[in-house]
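Novice: Under UniProt numbering, read the sequence shown as residues 1 to 1222, first letter to last.
Don't be surprised by glycine CBs; every beta carbon is placed ideally from N, CA and C.
In this text, all values refer to a predicted model and were calculated from it rather than measured experimentally.
First the structure, then my questions, so here it is.
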Amino acid sequence: MTSSVLESSEEKINGFKLMRLIVDGGTEVLRNIFLSIHPGNLHAVLSTHCHTLYPLFKTKNIITQPQWDKLYPPPPRIPNIQEFDITLLVILLRNICGLSPPSTGWNVMPSSTDNSREANIVRIRLFRNNFFGHVPGIDVSRLDFEAYWVEVGSALRSLGLNQAEIDRLKAEECGEEEVKRVRKEWNESEKEVLIELGRLGKKIDESLKQVKSSTEGILCECLNEHDFKDEIQSFYVNYTKGTREWVFDQVSKWLNNKSSYNRAFIVSGQAGMGKSTIAAVTCTRFPEFFGACHFFQYNNSRYNNPKFLLQSLASQLCHVIPEYKQNLTNNLSGNKAQLLDHQNIEGMFSVLFQEPFSKISDPGKHFLIVIDALDECRQEEKHKLVDFIATYFHKFPMFIRFLITTRSETDIARKFQELNPLFLEPDDERNLKDLRHFFEDKLKTMSEYVQREELVEKLVKKSEGLMLYASFLCKLPENGSIISNSENLPAGIEEIYNRYFNRLESELRNLGIDEKQFLKFLSVIAVAKRPLPLALLERLLSSDKDLSIAGRTLRKLINCLSSVLVIKDESVSFFHKSVKDWLVITNHDFTIIETYGHRTLADICVFQMQTLKQNEVSSTFDLAIVYALQYGTQHVLEAEIKDVYFLTELINHVTDLEVVHAGVCSDIYTTLSNLSSLDSCNMHNSSICEETQRTIRTLIFIIRKFIYILKDVPQSFLQYVLNENDDVLSPKACALLMTRYRGLAYFESEDGKENIEKASIGRILTSRQVLDIDISPSEDFLICGYEKGVELFSLSDFKLLWKIDDFLVERRECACCFCRLTKPHRRIVFHPLKNIIFPGQLTRVLNLKGKFETGMLVCEEIPSKFTNCCFSHDNTKMITNYDIHLTVWNLLENKKIVSLSCRSELFSILFSANDRFIGTTNIDELCVYDTENSYSMVSRCCCGNIKVLVSPFHLDSWYCLVVKSVLRRKIEIVKYDLTVKPVREHFFMSMMPTNARAAAEFQAVMESEDRSWLVKVGCGSFFILSNGNVLVSSNHESEIKLFRLNELIQNSKTMQRPNLLLSLRYAVSCSVSVDGRYVYTHDSRGTLRIMKPQSVTFKILGLKKDNLIPFVPVANGVFFCGEVRNPLWTLFVGKNEFFAGIPELWNSEVTQRLASFPELTGTSHCLSVAQDLVACIMELQQRKDENELSECSCWMHSGSINIPIRSFQNEILTAFQFSVTI
């Protein structure tokens, strides 16, 4: 028999009393709080909040099944609050009682100073779960009992429990039944929790692996990570303990000072002061603060790329800040991951840091990011990155801090001067003390008879305050002579390099390396864009020798230079940038000429490219070939070669089609950049042959044109070159695909030369259908607006610069369908004089970095937003329109000129070409205002039909699009006095100009002999650019194309037929004739297209219900389930009826009717059964309720066939016999 608690020890009784206090007292106060908030009928209250509680039960598993049964018991039972335990009451209080969590949240014990109701609710729950979860089996001492009782009692008293009740529970002796009741209630609650935890535990164990794998996959796929452990170790080994303590003390105080507003600790000093060692030691000395690091290297372009910096820092921070990792993973799970590579620095910062950190509260500690050698970032990106750090790093949360080391360059110092940088001065007494300590440590094994202090002082003086000197001196093999020859030691780092290289002469002679070859060796390492692969150095030393001999020579040479070289990943570089700095100065015997080094490397890279062409085709490349592909072009350009023949030969090698293909596969953006650099160089070098220049430009525009595909499928590059039908490159691509690249599938185009796409330069794939589009006045940027969101692209390389997803612009669309098709969209536009964007409003504008700013235009008593606008041609005025308000602005003085009220909402507005007149149209009238006559209306007339002001023309007139119906439009020239001159009565204008400011360019196009390209490029809007290109944005498309206008016009003249793919674009169905000679398509308008390689013809079938197939190709023709009708125009005014008339059989060309079948009148649609067998579905009557009767017959060229009656859902297919003879 189980012993009673009454018979147990005092400790067990204490445990039971605490349990009773929490169960009885806690349940009572929580129940009273709930009833004070919801005093009404409990069943009604819970029913009202069922939609809130159900997800906690079904989805989040916070409410268990037994708890749910208590909340919503099966009828006729109703919920009873007396059955609710502490756990369930807390769930209700948190979710349906409107309580706010305490400052520490619902799951952390509140601070002792927080005595709020919510804080005490948390205390009761945590007392129950954490402190006394196993009280029945644990003794509680008298001392602990008194402490716990006071703490729990205080919380209960604050929640409303009477102190007398608390005292009663403490003093009362409980009987056996009372003990069983409390213990049972405790154990039942505990059992529910344990069962649920066990069930959830299995799910969590299974899902955690999948979540972890998925999370890691997203981060690995999107981010470049490098932890720099090797770099930290290589610098740390040079550190002498006890030095730089004064620096680390300042860093420690700064890190622990939570009130400091200095977000960055800058360590600045000249080369050789030991800044990188300080950075490395900081990473290991403050592990509790360390978050991430980045070490720039002058000869590593990958590390020096600011985008690599941001991605690497983000990846490292994920290891130390779990909340950031989760937020970043969520942020990259959508389309932002795909767009990350196309972001500029600002956009990438927003995606990787600003957005994820915005949802993280201060963790109460600092995280340190260490950035070393900022000055060694590549020159073209250095200033941009310094500006970025100065501008954006303060936007990190306050708990993120930076330690940055850099040389004392003027531009960098000026940017960071407000951050109070710590300058490492060579003559600083603290620095000299560190040098003394360093030498004392290195010389501690010296004989006691040597005057150590005197020697140390001499060494400190020789070092000129540079820690690099001290470190390098002690590494030299001759460092034993420091003691015996201290008077003759080199003075400063430059002299130490000079002596070091002079000592190598005898060793180099023994290796058979002459001075010229040695200087070549030094020069190529000095000018290399990143650590130079050893294979390239072997090629340098091989000359006519065997490569194995060159390899041995290289190893010996590297061994001789081991004090100044670093070997890593089969690549070599100087151990410190000061070595290169010394080699390029001209006051010693080892001075190198950088252009000579570039030329040598250019030759070696070309040799690697030739090797690539001789080797077997491979999808991967070794280090030497990758280096040649990425940097060979740069070395050619920086070699400053004057020999035109030699330069042309080198350029022909780097632009060889197979080499470019390999470059695209290796790194498409670097390849495009290299070709662009070549093109820019050739523009200033008229001696380069025209054919070479043309080849380079063709390669550039092919890559730009298809970069959105090539970045993911670079192996398809040769296919796109082949498709381009270039006279020079396409045959080469075809030959490569048929020989060396036989493993790549490809297609040959038979009609490419007549394809209008030949004039295409490139394209931009937008994230959705474009509703607003504008080009910056400099024609560098393109802004696209969508139903929700806006994107900015660079027109030079078609890259997405930034994107705002949650951006909305008000669009007031007219109900008229014609208006929606023709109304110009000018709601998101560039300011003509400043680098800002008006996003449908004036008071808040966007800058080119995608950030909102306060607009300069002051809107008083008029709307600050607009749904249409235009600019004067001199860029000094702007007109905005919203609803019936028309406002003219002075953009030079940023003020309103005049505000006019119109009779109704405007449809289009435009300045005339001379900027004197303003034309406006609404749904039924055209008005003209004179800017030189107080903006008074000088003419007004009723339109009759819809008119859209398309573009200015001459000085005082406009091109005007007159819309009578969807397919009936015409162009007129309308003067300010509203006199009209028709242009072409039935000219169908499918493209409209968007940049109305380019009046002269548009006028030239419209007056040209051939305007057919306006129809052939699609339906939408276009921009004519100053460089002779045209940008086309088609309606209902997510693609923007850039064409060369002259080629577009020329190709349109030679284009004799529509593109087959364009003919298929809007097809509802498509069939092929039995003999394969014809392709038949029909669209929703009832138009049949009959296509073969030489032509496309049209026939009008009639409208179909539900796009059912109205024809079927058969053995000797085409069977139509109704009459082939004309004319086209009736289709757009008639009713959407069933296919009417008598079914017919036509020949394959659809030029001759062979037979008709009156007995099949009423056929709804037909199905192909065999080449000579067709099933006809016949509508017997309209649908009634949900039933529809149909009859199916089968028709054969000759003979007859019986089809049994069959049932299919709500249709009855009936067969009958018929016979036809042709």
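Taking the straight line between their C-alpha atoms, what separation do you get for glutamate 494 and isoleucine 773?
Specialist: Locating residue 494 in the sequence shown gives position 494, counting from the first residue. Locating residue 773 in the sequence shown gives position 773, counting from the first residue. Whole-angstrom Cα-Cα distance: 59 Å.
Novice: Among the candidates Leu900, Lys520, Arg436 and Ser951, whose CA atom is the shortest distance from the CA of serine 934?
Specialist: Sequence index remark: in the sequence shown, residue 934 carries index 934 (1-based). If we check each option's Cα against that of serine 934, Leu900 comes out closest.
Novice: Which of the three DSSP states is assigned to tryptophan 958 in this structure?
Specialist: Walking along the sequence shown from the start, residue 958 turns up at place 958. In this structure, tryptophan 958 counts as strand in the three-state DSSP scheme.
Novice: What are the start and end residues of each continuous alpha helix (DSSP H) run of 4 or more residues lying completely inside the segment 289-341, in chain order?
Specialist: Correct list: 306-317, 322-332 and 336-339.
Novice: Kindly give me the distance between the Cβ atoms of leucine 532 and serine 573, rounded to whole angstroms, as I take these residues to be in contact under 8 Å.
Specialist: Within the sequence shown, residue 532 is the residue found at index 532, counting from 1. Within the sequence shown, residue 573 is the residue found at index 573, counting from 1. At roughly 7 Å, the Cβ-Cβ gap stays under 8 Å, so leucine 532 and serine 573 are in contact.
Novice: Mark valine 211 as exposed unless 16 or more other C-beta atoms lie within 10 angstroms of its C-beta, in which case mark it buried.
Specialist: Within the sequence shown, numbered from 1, the residue matching residue 211 stands at position 211. Confidence is the limiting factor: at valine 211 the pLDDT is only 44, short of 50, which leaves the residue's position unreliable and the question unanswerable from this model.
Novice: In three-state terms, what does DSSP make of tryptophan 68?
Specialist: Locating residue 68 in the sequence shown gives position 68, counting from the first residue. DSSP places tryptophan 68 in helix when its eight states are reduced to three.
Novice: Tell me the DSSP secondary structure of tyrosine 741 in three-state form.
Specialist: Taking the sequence shown and counting its residues from 1, one reaches residue 741 at position 741. If DSSP states are grouped into helix, strand and coil, tyrosine 741 belongs with coil.
Novice: In angstroms with no decimal places, state the Cα-to-Cα distance between proline 863 and leucine 891.
Specialist: On the sequence shown, position 863 is the one that residue 863 refers to. On the sequence shown, position 891 is the one that residue 891 refers to. Approximately 17 Å, taken between the alpha carbons.
Novice: For valine 116, name the three-state secondary structure that DSSP assigns.
Specialist: Sequence index remark: in the sequence shown, residue 116 carries index 116 (1-based). The sequence shown places serine at residue 116, not valine. Coil at serine 116, not helix or strand.
Novice: Classify methionine 273 as helix, strand or coil using the three-state DSSP reduction.
Specialist: Position 273 of the sequence shown holds residue 273. Coil at methionine 273, not helix or strand.
Novice: Going by the C-beta, is methionine 19 closer than 6 Å to any heavy atom of the ligand HEM?
Specialist: Ligands are entirely absent from the displayed structure, and the ligand HEM is therefore not among its contents.
Novice: DSSP three-state call for isoleucine 923: helix, strand or coil?
Specialist: For the purposes of this step, residue 923 is identified with residue 923 of the sequence shown, where counting begins at 1. Coil, per DSSP.
Novice: Quick check on proline 533: does DSSP put it in helix, strand or coil?
Specialist: The residue you call residue 533 lines up with position 533 of the sequence shown. Strand.
Novice: Is it buried or exposed, lysine 258, if we count other Cβ atoms within 10 angstroms and call 16 or more buried?
Specialist: Walking along the sequence shown from the start, residue 258 turns up at place 258. Answer is exposed; the Cβ neighbour count stays below 16.
Novice: Quick one: grab the DSSP three-state call for alanine 1155.
Specialist: Looking up residue 1155 in the sequence shown gives position 1155. Three-state DSSP puts alanine 1155 in a strand.
Novice: Would you mind working out which of Ile703, Cys665, Arg704 and Thr648 sits nearest glutamate 691, comparing C-alpha positions?
Specialist: The residue labelled residue 691 in the question sits at position 691 within the sequence shown. Among Ile703, Cys665, Arg704 and Thr648, the Cα nearest to that of glutamate 691 belongs to Thr648.
Novice: Can the beta-carbon of leucine 699 be found less than 7 Å from the beta-carbon of valine 660?
Specialist: Taking the sequence shown and counting its residues from 1, one reaches residue 699 at position 699. Taking the sequence shown and counting its residues from 1, one reaches residue 660 at position 660. The answer is yes: Cβ separation under 7 Å.
Novice: Taking the alpha-carbon positions, what's the aspartate 139 to tryptophan 149 distance?
Specialist: By 1-based counting over the sequence shown, the position of residue 139 is 139. By 1-based counting over the sequence shown, the position of residue 149 is 149. Taking the straight line joining both Cα atoms gives about 15 Å.
Novice: Which same chain residues, not among the five before or five after tyrosine 929, have their C-beta less than 6 Å away from its C-beta?
Specialist: Within the sequence shown, numbered from 1, the residue matching residue 929 stands at position 929. Ile918, Tyr935 and Met937.
Novice: Can you grab the Cα-Cα spacing for the pair leucine 412 / valine 90, in whole Å?
Specialist: For this step, residue 412 is matched to residue 412 along the sequence shown. For this step, residue 90 is matched to residue 90 along the sequence shown. Note on residue identity: the sequence assigns isoleucine, not leucine, to residue 412. Each residue's alpha carbon lies about 57 Å from the other.
Novice: Apart from the five residues on each side of it in sequence, which residues of its chain come closer than 8 Å, Cβ to Cβ, to tryptophan 802?
Specialist: In the sequence shown, counting from the first residue as 1, residue 802 sits at position 802. Around tryptophan 802: Gln343, Asn344, Glu346, Gly347, Ser350, Glu791, Leu792, Lys849 and Gly850.
Novice: Taking a contact to mean a Cβ-Cβ separation below 7 Å, would you say aspartate 679 touches isoleucine 696 in this structure?
Specialist: Stepping through the sequence shown from its first residue, residue 679 is reached at position 679. Stepping through the sequence shown from its first residue, residue 696 is reached at position 696. In this structure, isoleucine 696 lies closer than 7 Å to aspartate 679 by Cβ.
Novice: Who are the Cβ neighbours of glutamate 640 in its own chain at under 7 Å, not counting the five residues just before and after it?
Specialist: As a position in the sequence shown, residue 640 is number 640, starting the count at 1. Counting only Cβ-Cβ distances below 7 Å, and skipping sequence neighbours, we find Thr595.
Novice: Note down the Cα distance separating lysine 462 from alanine 470, rounded to an integer number of angstroms.
Specialist: For this step, residue 462 is matched to residue 462 along the sequence shown. For this step, residue 470 is matched to residue 470 along the sequence shown. Cα to Cα, lysine 462 sits roughly 9 Å from alanine 470.
Novice: Less than 7 Å between the beta carbons of glycine 272 and leucine 504, yes or no?
Specialist: Your numbering for residue 272 matches position 272 in the sequence shown. Your numbering for residue 504 matches position 504 in the sequence shown. In this structure, leucine 504 does not lie closer than 7 Å to glycine 272 by Cβ.
Novice: By Cβ distance below 7 Å, which residues in the same chain neighbour valine 636 in space, the five residues on each side in sequence not counted?
Specialist: Your numbering for residue 636 matches position 636 in the sequence shown. The answer, listed in chain order, is Ala602, Leu650, Ile651 and Val654.
Novice: Cα separation between asparagine 14 and glutamate 28?
Specialist: The sequence position of residue 14 within the sequence shown is 14, counting from 1. The sequence position of residue 28 within the sequence shown is 28, counting from 1. Near 21 Å, if we compare the C-alpha coordinates of glutamate 28 and asparagine 14.
Novice: Do glycine 26 and isoleucine 124 have their CB atoms nearer than 7 Å?
Specialist: As a first step, residue 26 is located in the sequence shown; it is residue number 26 there, counting from the start. As a first step, residue 124 is located in the sequence shown; it is residue number 124 there, counting from the start. Yes, Cβ-Cβ distance for glycine 26 and isoleucine 124 is below 7 Å.
Novice: Say whether the segment 93-103 touches the segment 66-85, bearing in mind that this needs 3 or more beta-carbon pairs closer than 8 Å, one atom from each stretch.
Specialist: Output reads no: the segment 66-85 does not touch the segment 93-103.
Novice: Can you name the start and end residues of the alpha helix (DSSP H) that cysteine 1166 belongs to?
Specialist: Here residue 1166 refers to the residue found at position 1166 of the sequence shown. Premise fails: cysteine 1166 lies in the beta strand (DSSP E), 1163-1170, not in any alpha helix (DSSP H).
Novice: My parser needs the beta strand (DSSP E) runs of 3 or more residues fully inside the UniProt domain "TANC1/2-like winged helix" (519-617); what are they?
Specialist: If we require 3 residues or more, the beta strand (DSSP E) runs fully inside the UniProt domain "TANC1/2-like winged helix" (519-617) come out as 565-568 and 571-574.
Novice: Kindly identify the DSSP beta-bridge partner or partners of lysine 970.
Specialist: Along the sequence shown, read from residue 1 onward, the residue named residue 970 stands at position 970. DSSP lists Val962 as partners of lysine 970.
Novice: In the DSSP assignment, the beta strand (DSSP E) including threonine 406 goes from what residue to what residue?
Specialist: Here residue 406 refers to the residue found at position 406 when the sequence shown is read from its first residue. Unbroken beta strand (DSSP E) run through threonine 406: 400-406.
Novice: Assuming proline 55 is part of the alpha helix (DSSP H), what are its boundary residues?
Specialist: As a first step, residue 55 must be located in the sequence shown, where it is residue number 55. Run containing proline 55: 50-58, per the alpha helix (DSSP H) assignment.
Novice: Is aspartate 883 helix, strand or coil by DSSP?
Specialist: To locate residue 883, count along the sequence shown from 1; it is residue 883. Reduced to three states, the DSSP call for aspartate 883 is coil.
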